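A.B. asks: Numbering (the working numbering), first residue to last: -6 to 822. For reference, the structure I am asking about is given below.
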């Protein structure tokens, strides 16, 4: 779609792809002749450059006025009368005037105390910074397996293909555990935190601990009741605790299976919350079973049993679902395949050589022939049951009276009266029919999996090494485990599999263990606490420590963002998760810039609040699995991802920052006495500047979306609903700016409209996505609409608070009291 054919003045676009009723894929082509195709491109450039020029002139004028002293950071409030100052000093009331507190606030009089204070001003921020650096260094270390323990982290660096890309086993383990449990670690029987890779090894080898780890998060009380589970803290349960309800014995069922079948048959829009939770658990179990099935090893040797044939037949499901299974074995013939399939191929080569057959079909026939000759007890019982069922079916067709159960009893009684010769003839005929049917089933598995040359191809080294690794883990042979892991790593380094880059896999493994975004969340909270301490306490070192820590955290956040670009090989924004990371990064940068320009003391608050909130959103979005998702064809383009998507996301960021500034303006004015005229004007200038930035990026990004649509399928207005959400942001920012320019609103109105802008951005970011349509739709996410509604409700409440008459604001009451010299009525801070 991104590379249409241009020929003879016409452009041939792929407008649609679908599958017909006969299963054949069809594509629709659109032929476009557009002599004015360059007009939107030129218009975008003209308007974009014009807006950039206009806003740049405004910034230059602002900076010149600051240098001339016309605009300066608010250092003090409106000068107070001398009697008022004296009364305030005697009452020990300290109005909060300047949150930056860059002035010297050290105690006077006592020289030793003053000296200690001056030293603390430098030592405390440096101590906070040093502690944060030590935390980063500790987290960045490569995990150590410990003495006399298998090096599971080395195994975690080995590659596996899943969900369209090559990733380390460690990523598969973390993502899978996050899907099932909601976190990427688990607690063992001693309540000790263990890495996800240990859980994955236990499960794929089906060791003695498999199924005993409490990793399934089931928080629905109704689902717990149907599974006969007791409520416990954390809501995490082991598979063995409810396995009988999920996998009841053959011929029986369970209440869970009955309720699940009803839920699966109910349309999504009609499902109850209970049914949604049942399907959610079902999806977790399907992922869990897929991990086990993909790594199930067939028992070696040519001994034949019903269990071995059943194991072979179970692999038939993998042929239909291989695209959704982790592929751990690379080979030249089959590229990447599951370990279970390669295990079957290895067994087929051994059996074919011993039984002297040369094709998978002949191997299937020989396998069933040898099995039939053994007269397996279980199989003979199945043959007898099938014989009885066959006679019952014939009797019912002839209209004989009696239920199926009664007929079975009668037929078994009659069969017992047959002579041995008659009974053998009947059973031999039924047995042969069952063996013929079994031959067809086994052949339907062996022929497609083994392939025409599978019996003569050598066994891939990846399979031999990986199966040995899992066998060593199951038996507890640590030295053998480590040796095989090292040997497989060297083999991949010497002969890299298809699409495998060793340095990228190792870097991703280090990125997983480092967890820079988790550390950033912790540091952003610490920044906010330090700023709060600087508000509540006199010393200025807390604000300086917050400033240093926010710089360090921003660097850490930047490292995480760049690391994701390196791992994915994509621009920074490709899905909802990465958009949250990028929006947070941009908002933190904006907070730092605002702090440097205006020096009002709350730029760090914006950086900390925005960074924490967006990374928390990203952490919740990571529960769906891999955050490095493969893009659909029309989105698979580096240029438009790096231009249109980045510009749109920057528009989101700037609009959110303006909204945060508006929230600070309103809450500080309504709930505190500290919003003076000078602080309010500087806040309004910051809101105006960020709104201009949002307008520029939103407009340019939205028009680029139209150009992308025109370039991909020939229609400038052929974008999807996500771009309509972006257009809403453009219109809203234009409304805010024109209302300001026309004098319809002043500082307070600007703040109120900026807060309402948070709603427009959130709807474009998440609300449109919940519609489930369009190329930018990443699927319905459970609970998002509720969270979105609550967030919009809070923004409406804050905007409503901003509409309260200004004479009722605490800050205005305090200003009036100070102006009148009536300090007794000034509320204490």
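Ideal Cβ placement from N, Cα and C applies to all residues, glycine included. Keep in mind that this is a model prediction, so the values were computed, not measured.
Thinking residue 177 and residue 189 are a contact (beta carbons under 8 Å), I'd like their distance in whole angstroms, please.
C.D. replies: Confirmed, about 5 Å.
A.B. asks: Does the distance from the C-beta atom of residue 302 to that of residue 360 stay below 9 Å?
C.D. replies: In this structure, residue 360 lies closer than 9 Å to residue 302 by Cβ.
A.B. asks: Could you tell me which residues DSSP pairs with residue 3 in its beta bridges?
C.D. replies: Note: residue 3 sits in a beta bridge opposite 0.
A.B. asks: Counting contacts by CB-CB distance shorter than 9 Å, is residue 117 in contact with chain D?
C.D. replies: Reference to chain D is not applicable here, since this structure consists of a single protein chain.
A.B. asks: DSSP puts residue 179 in a beta bridge; with which residues?
C.D. replies: Note: residue 179 sits in a beta bridge opposite 187.
A.B. asks: Tell me the start and end of each unbroken alpha helix (DSSP H) in the region 533 to 577 that is at least 4 residues and wholly inside, in chain order.
C.D. replies: DSSP runs (the alpha helix (DSSP H)) wholly in the region 533 to 577: 534 to 561.
A.B. asks: Could you check the C-alpha separation between residue 582 and residue 309 for me, to the nearest Å?
C.D. replies: If you take the alpha carbons of residue 582 and residue 309, they lie about 53 Å apart.
A.B. asks: List the whole-angstrom C-beta distance separating residue 520 from residue 554, where the pair is believed to meet the contact cut-off of C-beta under 8 Å.
C.D. replies: Incorrect: roughly 18 Å between the Cβ atoms, too far for contact.
A.B. asks: Check for me: the beta strand (DSSP E) holding residue 18 runs from which residue to which?
C.D. replies: Segment 18 to 25, the beta strand (DSSP E) holding residue 18.
A.B. asks: Could you tell me the alpha carbon to alpha carbon distance between residue 264 and residue 333, rounded to whole angstroms?
C.D. replies: One C-alpha to the other measures close to 36 Å.
A.B. asks: My output table needs one value for residue 10: the three-state DSSP class, helix, strand or coil.
C.D. replies: In the structure shown, residue 10 sits in a strand (DSSP, three-state: E or B).
A.B. asks: Is the region 485 to 502 in contact with the region 148 to 164, if contact means three or more CB pairs nearer than 8 Å?
C.D. replies: Yes, since at least three Cβ pairs between the region 485 to 502 and the region 148 to 164 fall closer than 8 Å, the two stretches touch.
A.B. asks: Does the Cβ of residue 10 have 16 or more other Cβ atoms within 10 Å, making it buried, or fewer, making it exposed?
C.D. replies: Residue 10 is exposed by the Cβ-count criterion.
A.B. asks: Do you know how far the Cα of residue 296 is from the Cα of residue 365?
C.D. replies: Approximately 13 Å, taken between the alpha carbons.
A.B. asks: Pull up the distance between the alpha-carbon of residue 698 and that of residue 36, whole angstroms please.
C.D. replies: If you take the alpha carbons of residue 698 and residue 36, they lie about 14 Å apart.
A.B. asks: If you follow the alpha helix (DSSP H) that residue 61 is in, where does it begin and where does it stop?
C.D. replies: Note, residue 61: alpha helix (DSSP H), 32 to 61.
A.B. asks: Does the Cβ-Cβ distance between residue 524 and residue 507 come in under 9 Å?
C.D. replies: No, these two residues do not count as a Cβ contact at 9 Å.
A.B. asks: Leaving out the 5 sequence neighbours to the left and right, which residues in its chain are closer than 7 Å to residue 438 when beta-carbon positions are compared?
C.D. replies: The answer, listed in chain order, is 305, 306, 308, 309.
A.B. asks: Measuring alpha carbon to alpha carbon, tell me which residue in 271, 683, 665, 236 is nearest residue 529.
C.D. replies: Of the listed residues, the one whose Cα sits closest to residue 529 is 665.
A.B. asks: For residue 324, write down the residues that DSSP places opposite it in a beta bridge.
C.D. replies: Answer is 328, bridged to residue 324.
A.B. asks: Do the CB positions of residue 284 and residue 249 come within less than 9 Å of each other?
C.D. replies: In this structure, residue 249 does not lie closer than 9 Å to residue 284 by Cβ.
A.B. asks: Using the beta-carbon count (16 or more within 10 Å), is residue 134 buried or exposed?
C.D. replies: With fewer than 16 other Cβ atoms within 10 Å, it is exposed.
A.B. asks: Excluding sequence positions up to five away, which residues of its chain have a Cβ less than 7 Å from the Cβ of residue 480?
C.D. replies: For residue 480, where only same-chain residues beyond five positions count, the Cβ hits under 7 Å are 458.
A.B. asks: What residue range does the alpha helix (DSSP H) around residue 209 cover?
C.D. replies: Not the alpha helix (DSSP H): residue 209 falls in the beta strand (DSSP E), residues 207 to 210.
A.B. asks: May I ask which residues mark the beginning and end of the alpha helix (DSSP H) holding residue 145?
C.D. replies: That run of the alpha helix (DSSP H) goes 145 to 149.
A.B. asks: What does the alpha-carbon distance come out to for the pair residue 644 and residue 2?
C.D. replies: Distance between the alpha carbons of residue 644 and residue 2 is about 36 Å.
A.B. asks: Are the CB atoms of residue 166 and residue 192 nearer to each other than 9 Å?
C.D. replies: Taking 9 Å as the Cβ cut-off, residue 166 and residue 192 qualify as a contacting pair.
A.B. asks: I need the straight-line Cα distance from residue 748 to residue 600, nearest angstrom please.
C.D. replies: In a straight line, the C-alpha of residue 748 is about 17 Å away from that of residue 600.
A.B. asks: Express the C-alpha separation of residue 56 and residue 824 in angstroms, rounding to a whole number.
C.D. replies: What the structure shows of the chain is the stretch from -6 to 822, and residue 824 is not part of that stretch, so it cannot be assessed.
A.B. asks: Over what stretch of residues does the alpha helix (DSSP H) that includes residue 349 continue unbroken?
C.D. replies: Note, residue 349: premise wrong, no alpha helix (DSSP H); not H, not E.
A.B. asks: For residue 144, collect the residues of the same chain with a Cβ closer than 6 Å to its Cβ; drop the 5 residues on either side in sequence, then sort them by chain order.
C.D. replies: Contacts found: 138, 475.
A.B. asks: Below 7 Å CB to CB, which residues in the same chain sit around residue 82 once its five sequence neighbours on both sides are set aside?
C.D. replies: Confidence in residue 82 is poor, its pLDDT being 38 and thus under 50, which makes the residue's placement unreliable; the coordinate value appears in the next sentence. So no residue of the chain qualifies.
A.B. asks: Fully enclosed by the region 194 to 255, which beta strand (DSSP E) runs are 3 residues long or longer?
C.D. replies: 207 to 210, 229 to 231, all fully within the region 194 to 255.
A.B. asks: Output yes or no for whether 9 Å exceeds the beta carbon distance between residue 684 and residue 651.
C.D. replies: The answer is yes: Cβ separation under 9 Å.
A.B. asks: On the criterion of 16 or more Cβ atoms from any shown chain inside 10 Å, does residue 31 qualify as buried, or is it exposed?
C.D. replies: Residue 31 comes out exposed.
A.B. asks: The alpha helix (DSSP H) with residue 799 in it runs from where to where?
C.D. replies: Segment: none, residue 799 is in no alpha helix (DSSP H) and carries neither H nor E.
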